[in-house]
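**Q** Quick one: this structure, given as structure tokens, is what I'll be asking you about.
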Amino acid sequence: MAKQGVLTPQNEDFPRWYQDILNKAELADNGPVRGTMVIRPYGYALWERMQAEVDQRIKAAGADNAYFPLFIPESYLNRESDHVEGFSPELAVVTQGGGRELAEPVVVRPTSETIINAYFSKWVQSHRDLPLLINQWANVVRWEMRPRIFLRTTEFLWQEGHTAHATRQEARDYAAQILHDVYRDFMESVLAIPVLIGYKTEAERFPGAINSMCLEGMMRDGKALQMGTSHELGQSFATMFDITYLDGEGNQSHVWQTSWGVSSRMVGGLIMAHGDDRGLVVPPRLAPIQAAVVAVRDAEGVVDACRRLAEELGAAGIRAKLDDRTGTGFGRRATDWELKGVPVRVEIGPRDLEQGQATLVSRIGGEKEAVRLSEVPTRVESLLDDIQKRIYDDALAWRDSLISEATTADEVREAAATGFARIPWAKLGPEGEAALAEEAITVRCLQRPDGSLPQDSDESDLVAVCGRSY
RNA sequence: CGGGCUGUGGCGCAGCUUGGUCAGCGCACCUGCUUUGGGAGCAGGGGGUCGCCGGUUCAAAUCCGGCCAGCCCGACCA
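What follows is the structure, given as structure tokens:
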């Protein structure tokens, strides 16, 4: 029976498709206050998986988790001029507490550089205290005029790392290490999203940073999404918050700092980088549910066989979920798992059971194959590997097909209509950048011609990657 | 903050021009039966101060005024 699609097709109305997925895959709802979101269990499970993978990499990079207060004295923000200028338009400020006017308003953290550095100043005395590598998982608030769930909300969840080092080189190297070993590795090997890395131009730089490095992903509509940033803060916060140390020769010096973060925006990136007209596509290494074991219907022994198989899959280290809701039609349930992007569906019905087999269905491609029950865990495992690789390869091929080389601003405009353009930064320059910005085309990052991260943002022969963005 | 639009069960909408069995449709929800290998069918059922306040009128979802809220488009951002 011919059915119309469950979702608005991407090429018909991409934003609508995105909205449909949020609802149908039960990812999130709008909160009661404009710009806020309620993250539903399945959406949160995706975030928890991201947290686990990122956290593990952060710790491997040597940083420790800590927690700093949600409320920051307004005066702290004011200490760094670029910082306050950058953030003041989007601050939420509390002026009352306990039924009284507060002597000094407190700001709901938009980011924690100021409050963390106020404590770094206490904790850092000697070169032996360096490097100081701290991370925190928290929510932050930046009042947004144009909210979109996961992509741009007034309150969002993130991780923010803050470090202090003895030398500029060491700080810069650490910021680059986070960019490569934590963020890029996570995004490419777990999220299966190929990212472009580089430096932000001065216009796009984080308020208070001397350099911002970033990772940019391409969404299915050809627009860019900044998936993460790593900043070199120089010594401005160290100066404002008086973070100094005594070196081995007895000289007092200011520390060099970094900060870096990824947020729940990545959930939006995941949706838009891989999703298709049938729903979400979740790469196996991320997937909270890697295999759904579906009892086709409640016939003799079917549910038991499914339960046993789900347990075996679990024992084999596969995140498996039993679907024994036989009161609901099979088609409905199959569609639900596709909407949720579960990589592999393992179906068992009476006919399968008779043959001593299960039917495996891949979320991408949708091929079905019959596998002997005893071989299912092994086969699922290899299928998951294939799917992980295929999702990445597809995303990479898609992205590369939408990047073109440009030598003039007009060529950039043309390319940006559907994807990204690469143009020598020397040919564009800040003036060309400003002109393109009028048409909502921005320089996403500056990178070397071979795509690698430059040593500095003013290295010669850099290429500007331009595009429309979220 | 400037321009365009919209407020009707959980969601999406019709009804408004031509006031009066218009409070209705689809989805979702509940009950029962039949179903279950790709979003099941049939029957029955629950649920709405028609954004808010006021006005006109015998009578307002419908006409008038005000207010509020939200959406979309222009200046910032993970």
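Following the numbering used here, the numbering of the first sequence begins with 260 at its first residue and continues without gaps.
Think of the CB as a built atom: it goes at the ideal place given N, C-alpha and C, for glycine as much as any other residue.
Which first and last residues belong to the alpha helix (DSSP H) in which I317 is found?
**A** Reading the first sequence from its first residue, position 58 is the one you call residue 317. Taken as a continuous stretch (DSSP letters only), the alpha helix (DSSP H) holding I317 covers 300-319.
**Q** DSSP three-state call for F273: helix, strand or coil?
**A** The residue labelled residue 273 in the question sits at position 14 within the first sequence. F273: helix per DSSP, three-state reduction.
**Q** Pick out whichever of W417, R544, N376, F589 has its Cα sitting closest to the Cα of G493.
**A** As a working mapping, residue 493 is identified with position 234 in the first sequence. The residue with the shortest Cα to Cα distance from G493 is N376.
**Q** What are the boundary residues of the beta strand (DSSP E) that S334 is part of?
**A** For the purposes of this step, residue 334 is identified with residue 75 of the first sequence, where counting begins at 1. Taken as a continuous stretch (DSSP letters only), S334 belongs to no beta strand (DSSP E), being part of the alpha helix (DSSP H) at 333-336.
**Q** In chain order, what residues of the same chain have a beta carbon less than 8 Å from the beta carbon of A238, not counting five sequence neighbours either side?
**A** Residue 238 lies beyond the residue range present for the chain, which begins at 260 and ends at 729; the question has no answer from this structure.
**Q** What is the DSSP secondary structure of D279, counted as helix, strand or coil?
**A** As a first step, residue 279 must be located in the first sequence, where it is residue number 20. In the structure shown, D279 sits in a helix (DSSP, three-state: H, G or I).
**Q** Just to confirm my understanding: we take S380, look at its own chain, exclude 5 residues before and 5 after, and list those with CB closer than 6 Å. What are they?
**A** Counting from one through the first sequence, the residue named residue 380 turns up at place 121. Within the same chain, S380 has close Cβ partners F500, D501, I502.
**Q** With distance defined between alpha-carbon atoms, name the residue in R359, E344, P364, V343 nearest to V353.
**A** One-based indexing of the first sequence puts residue 353 at position 94. Closest option to V353, Cα to Cα, is P364.
**Q** Give the straight-line distance between the Cα atoms of V297 and D288, rounded to the nearest whole angstrom.
**A** Mapped onto the first sequence, residue 297 falls at position 38. Mapped onto the first sequence, residue 288 falls at position 29. Approximately 5 Å, taken between the alpha carbons.
**Q** If you check the beta carbons only, do T373 and I331 fall under 8 Å apart?
**A** What you label residue 373 is simply residue 114 of the first sequence in a count that begins at 1. What you label residue 331 is simply residue 72 of the first sequence in a count that begins at 1. Cβ atoms of T373 and I331: closer than 8 Å.
**Q** How would you call T666, buried or exposed, if buried means at least 16 neighbouring beta carbons within 10 angstroms?
**A** By one-based count along the first sequence, residue 666 stands at place 407. Per the 10 Å Cβ criterion, exposed.
**Q** Between which two residues does the beta strand (DSSP E) containing W396 stretch?
**A** On the first sequence, residue 396 is found 137 positions in, with the first residue counted as 1. Where W396 is concerned, the enclosing beta strand (DSSP E) stretches over 391-400.
**Q** If you compare alpha carbons, which of C473, L336, T587 is closest to S711?
**A** Along the first sequence, read from residue 1 onward, the residue named residue 711 stands at position 452. Checking every option, the nearest Cα to that of S711 belongs to C473.
**Q** Shortest alpha-carbon distance to K482 belongs to which of K599, L661, P689?
**A** Here residue 482 refers to the residue found at position 223 when the first sequence is read from its first residue. Closest by alpha carbon: L661.
**Q** Express the C-alpha separation of G527 and F409 in angstroms, rounding to a whole number.
**A** Position 150 of the first sequence, counted from the first residue, corresponds to residue 409. Position 268 of the first sequence, counted from the first residue, corresponds to residue 527. For F409 and G527, the distance between alpha carbons rounds to 5 Å.
**Q** Grab me the residues of R401's own chain with a C-beta within less than 6 Å of its C-beta, minus the 5 sequence neighbours each way, in chain order.
**A** Here residue 401 refers to the residue found at position 142 of the first sequence. Cβ neighbours of R401 beyond the five flanking positions: E349, P369.
**Q** Identify which residue in A319, T594, A723 has its Cα closest to the Cα of P816.
**A** In this structure the chain extends from 260 to 729, so residue 816 is not present and cannot be described.
**Q** Kindly give me the distance between the Cβ atoms of V521 and V313, rounded to whole angstroms, as I take these residues to be in contact under 8 Å.
**A** Numbered from its first residue, the first sequence carries residue 521 at position 262. Numbered from its first residue, the first sequence carries residue 313 at position 54. The beta carbons of V521 and V313 sit about 6 Å from each other, so the pair counts as a contact at 8 Å.
**Q** From V399 to V367, what does the alpha carbon distance come to, in whole angstroms?
**A** In the first sequence, residue 399 corresponds to position 140, counting from 1. In the first sequence, residue 367 corresponds to position 108, counting from 1. The alpha-carbon atoms of V399 and V367 are separated by roughly 7 Å.
**Q** Among I456, V601, S371, which residue has its Cα nearest to the Cα of R537?
**A** Residue 537 sits at position 278 when you count from the first residue of the first sequence. Of I456, V601, S371, the residue nearest in Cα terms is V601.
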